[in-house]
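Heads up: the sequence lines are chains P and G, in that order.
Start counting the first sequence at 345; every next residue gets the next number (the working numbering).
Start counting the second sequence at 345; every next residue gets the next number (the working numbering).
Just so it is clear, CB atoms sit at the ideal spot from N, CA and C, and this is done for glycine as well.
Written out below as structure tokens is the structure these notes cover.
Protein chains: 2
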Amino acid sequence: MDDLAPSLTRAVFDTVTTHIRDNDLRAGDALPSETAVAAAAGVSRTVVREAFGALSALKLIDVSNGRRARVGFVDGSVLSLPLGHAVDTAQVSVPQVWDARRVLERRTAELAAIRRTKTEARLILDHARALRRAGGDLDVQVEHDIAFHAAIAGATRNPMFPLLIAAFADLMRETCPIGWRSRRTEADRLAVFDQHDRIAEAIEAGDPLAAEAAMDAHFGLSLRALANTGFS
Amino acid sequence: MDDLAPSLTRAVFDTVTTHIRDNDLRAGDALPSETAVAAAAGVSRTVVREAFGALSALKLIDVSNGRRARVGFVDGSVLSLPLGHAVDTAQVSVPQVWDARRVLERRTAELAAIRRTKTEARLILDHARALRRAGGDLDVQVEHDIAFHAAIAGATRNPMFPLLIAAFADLMRETCPIGWRSRRTEADRLAVFDQHDRIAEAIEAGDPLAAEAAMDAHFGLSLRALANTGFS
Numbered sequence: 345m346d347d348l349a350p351s352l353t354r355a356v357f358d359t360v361t362t363h364i365r366d367n368d369l370r371a372g373d374a375l376p377s378e379t380a381v382a383a384a385a386g387v388s389r390t391v392v393r394e395a396f397g398a399l400s401a402l403k404l405i406d407v408s409n410g411r412r413a414r415v416g417f418v419d420g421s422v423l424s425l426p427l428g429h430a431v432d433t434a435q436v437s438v439p440q441v442w443d444a445r446r447v448l449e450r451r452t453a454e455l456a457a458i459r460r461t462k463t464e465a466r467l468i469l470d471h472a473r474a475l476r477r478a479g480g481d482l483d484v485q486v487e488h489d490i491a492f493h494a495a496i497a498g499a500t501r502n503p504m505f506p507l508l509i510a511a512f513a514d515l516m517r518e519t520c521p522i523g524w525r526s527r528r529t530e531a532d533r534l535a536v537f538d539q540h541d542r543i544a545e546a547i548e549a550g551d552p553l554a555a556e557a558a559m560d561a562h563f564g565l566s567l568r569a570l571a572n573t574g575f576s
Numbered sequence: 345m346d347d348l349a350p351s352l353t354r355a356v357f358d359t360v361t362t363h364i365r366d367n368d369l370r371a372g373d374a375l376p377s378e379t380a381v382a383a384a385a386g387v388s389r390t391v392v393r394e395a396f397g398a399l400s401a402l403k404l405i406d407v408s409n410g411r412r413a414r415v416g417f418v419d420g421s422v423l424s425l426p427l428g429h430a431v432d433t434a435q436v437s438v439p440q441v442w443d444a445r446r447v448l449e450r451r452t453a454e455l456a457a458i459r460r461t462k463t464e465a466r467l468i469l470d471h472a473r474a475l476r477r478a479g480g481d482l483d484v485q486v487e488h489d490i491a492f493h494a495a496i497a498g499a500t501r502n503p504m505f506p507l508l509i510a511a512f513a514d515l516m517r518e519t520c521p522i523g524w525r526s527r528r529t530e531a532d533r534l535a536v537f538d539q540h541d542r543i544a545e546a547i548e549a550g551d552p553l554a555a556e557a558a559m560d561a562h563f564g565l566s567l568r569a570l571a572n573t574g575f576s
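Here it is in structure tokens:
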């Protein structure tokens, strides 16, 4: 918000976030209606609608289906839009985004190897195998790739990681097919599947050092593939 | 946006982001007026105002001072609000946020040691010294602490890092004073200043391994201080 919105809208925006904090509300809890907020703040419904629109764009509140507003669940999509915008408008390049992603995912691989349940280890392996089986169908392949990285982030037991990793999903849909097509030989393509297997196996084996090293090698290869396509 | 907004608002939202992408616009470039967008999309000004409000909440566009809308510059504040919300509503804990921050800042320290200019190295050292001199005045101290970490992120030459690190500034304002007060002895407090000096000196010396190690040690101490205050 900051200087972007008229001050009345900003005041109502702050009233709602303060209400959430002061009442120790949790995601899913009901919020006062637009009418009640308008009356309490002494402003028009239009101003409240604008503030609620900004709050819901940032997922601080949830007003889906025209329901009564509730406290929002955070998810990575709210980070994904500004990130996609930054790339589209050349404020940051894909390799620069991937460099930040790389350190985050080295850590998710390490933590997942320590903390994953057996079910999570199995899910991560399943996505690695589905990725290989999809060979050729890029849409299916990318969705398993995204799910593979999300499953690893989920197995860290730290909700910050799924949140941050989800922010990269849209960019993966855009760049993974391009990176893939840059791999001209069968051996180059198999190397990608092998890397996913190695990460999944290290996580299943409960070997944090091997998992981190395998994830790091995976990003090394991805960044070289992107460089070959002229992303820079 | 997703399912949060009425479909007409969502359609206008998408029209604007597509317009930015298809015309290869850059931050600061002018966008069509609300009137022009309403006419082109065949929708009311109210719908366009709502879409522009959501776009500006996410900083995809900039409509400050009631000016003509322009393509937005991304900044960390758009990530800061959802992150603060997630902490306020117990969707993620401060130590969990700090664990993600730790891996990002180990990398910023490493890259800054490789890529910083002399001016940047000096600025980082200056903030470390100002932090020590502020001793006692927590407001001044926290602002130098935030500026210290931001200056390191800036010296990486990768705009992703300043973007991500800025997202933590509000949380630092909230938690650093609490961590600070948990340090009961003069030696404990001096250790914090010494750590900042060591990071700054390694970056100035162009020693990436030492810079990363010093940053890691800094987070280790911060996390222990937070644990003492009952943050978990």
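Report buried or exposed for residue i, applying the criterion of at least 16 other Cβ atoms within 10 angstroms of its Cβ.
{"i": "P:D358", "result": "exposed"}
{"i": "P:T362", "result": "exposed"}
{"i": "G:S400", "result": "buried"}
{"i": "G:N367", "result": "exposed"}
{"i": "P:L348", "result": "With a pLDDT of only 41 at P:L348, under the threshold of 50, the placement of this residue in the model should not be trusted, and no figure is reported."}
{"i": "G:L448", "result": "buried"}
{"i": "P:R412", "result": "exposed"}
{"i": "G:T519", "result": "buried"}
{"i": "G:K403", "result": "buried"}
{"i": "G:A555", "result": "buried"}
{"i": "P:A558", "result": "buried"}
{"i": "G:D346", "result": "With a pLDDT of only 43 at G:D346, under 50, the local geometry of the prediction cannot be trusted, and the value read off the model is given with reservation. Label assigned to G:D346: exposed."}
{"i": "P:L534", "result": "exposed"}
{"i": "P:A513", "result": "buried"}
{"i": "G:G480", "result": "exposed"}
{"i": "P:A531", "result": "exposed"}
{"i": "P:A382", "result": "buried"}
{"i": "G:A395", "result": "buried"}
{"i": "G:G523", "result": "buried"}
{"i": "G:R446", "result": "buried"}
With residue i as the anchor, note down where its alpha helix (DSSP H) starts and where it stops.
{"i": "P:L399", "result": "R389 to A401"}
{"i": "G:D483", "result": "L482 to G498"}
{"i": "P:S421", "result": "S421 to D432"}
{"i": "P:V536", "result": "E530 to E548"}
{"i": "G:Q435", "result": "Here G:Q435 belongs to no alpha helix (DSSP H), and DSSP marks it neither H nor E."}
{"i": "G:H573", "result": "The question names His, but residue 573 of chain G is Thr in the sequence shown. First-last for G:T573: undefined, no H or E at that position."}
{"i": "P:V418", "result": "Where P:V418 is concerned, there is no enclosing alpha helix (DSSP H), given that its DSSP letter is neither H nor E."}
{"i": "G:V381", "result": "E378 to A385"}
{"i": "G:T353", "result": "S351 to D366"}
{"i": "G:L469", "result": "K462 to R477"}
Under 8 angstroms Cβ-Cβ, which residues of chain P neighbour residue i?
{"i": "G:T519", "result": "In chain order: nothing, as chain P lies at least about 14 angstroms away."}
{"i": "G:G438", "result": "Checking the sequence, you will find Val at residue 438 of chain G rather than Gly. The premise fails here: G:V438 is roughly 10 angstroms from chain P at the closest Cβ pair, so nothing lies under 8 angstroms."}
{"i": "G:I543", "result": "Chain P residues near G:I543: none, gap ~17 angstroms exceeds 8 angstroms."}
{"i": "G:L508", "result": "A444"}
{"i": "G:H562", "result": "Going along chain P, no residue has its Cβ under 8 angstroms from G:H562, so there is no contact; the nearest lies around 16 angstroms."}
On the premise that residue j lies in contact with residue i, defined as a C-beta separation below 8 angstroms, what is that separation, rounded to the nearest angstrom?
{"i": "P:V486", "j": "G:T433", "result": "Not quite, the Cβ-Cβ distance comes to about 32 angstroms (not below 8 angstroms), so this is no contact."}
{"i": "P:P426", "j": "G:V407", "result": "With 8 angstroms as the limit, P:P426 and G:V407 do not qualify as a contact, their Cβ atoms being about 16 angstroms apart."}
{"i": "G:L352", "j": "G:V391", "result": "5 angstroms"}
{"i": "G:S424", "j": "G:A511", "result": "5 angstroms"}
{"i": "G:I547", "j": "G:A465", "result": "6 angstroms"}
Between the beta-carbon of residue i and the beta-carbon of residue j, is there less than 8 angstroms?
{"i": "P:G550", "j": "P:A457", "result": "yes"}
{"i": "G:H488", "j": "G:A499", "result": "no"}
{"i": "G:L482", "j": "G:P521", "result": "yes"}
{"i": "G:L570", "j": "G:Q539", "result": "no"}
{"i": "G:V436", "j": "P:P503", "result": "yes"}
{"i": "P:A497", "j": "P:F505", "result": "yes"}
{"i": "G:R450", "j": "G:D560", "result": "yes"}
{"i": "P:T573", "j": "P:S526", "result": "yes"}
{"i": "G:I405", "j": "G:L369", "result": "no"}
{"i": "G:I364", "j": "G:G420", "result": "no"}
{"i": "G:P544", "j": "G:I468", "result": "A small fix is needed here, since residue 544 of chain G is Ala in this sequence, not Pro. The answer is yes: Cβ separation under 8 angstroms."}
{"i": "P:N537", "j": "P:R476", "result": "A quick correction: the sequence has Phe, not Asn, at residue 537 of chain P. Yes, Cβ-Cβ distance for P:F537 and P:R476 is below 8 angstroms."}
{"i": "P:G428", "j": "P:L515", "result": "yes"}
{"i": "P:A355", "j": "P:A385", "result": "yes"}
For a contact meaning CB atoms closer than 8 angstroms, what does residue i contact in chain G?
{"i": "P:G397", "result": "A349, T353, E394, G397, A398 and A401"}
{"i": "P:P426", "result": "L402, K403, L404, V418, V422 and L423"}
{"i": "P:H540", "result": "In chain order: nothing, as chain G lies at least about 21 angstroms away."}
Just to make sure I have the definition right: I need the residues of chain P whose C-beta is within less than 9 angstroms of the C-beta of residue i. Which are they?
{"i": "G:E434", "result": "It is worth fixing the name first, because residue 434 of chain G is Ala in this sequence and not Glu. What G:A434 touches in chain P: D368, R370 and A371."}
Starting from the beta carbon of residue i, find every residue of chain P whose beta carbon is closer than 7 angstroms, and list them in chain order.
{"i": "G:P503", "result": "Q435, V436 and Q440"}
{"i": "G:I364", "result": "D432 and T433"}
{"i": "G:V415", "result": "T433"}
For residue i, which residues in chain G fall below 7 angstroms Cβ to Cβ?
{"i": "P:R451", "result": "V447"}
{"i": "P:H488", "result": "Residues of chain G passing the Cβ test: none, with the nearest at roughly 22 angstroms."}
{"i": "P:H577", "result": "Here chain P has residues from 345 to 576 only, and residue 577 of chain P is not among them."}
Run down chain G in chain order and give the residues with a C-beta less than 9 angstroms from the C-beta of residue i.
{"i": "P:H493", "result": "Neighbours of P:H493 on chain G: none; closest Cβ ~15 angstroms, over 9 angstroms."}
Quick check: is the beta carbon of residue i nearer than 8 angstroms to any beta carbon in chain B?
{"i": "G:D358", "result": "Checking the listed chains, one finds no chain B in this structure; the protein chains it contains are P and G."}
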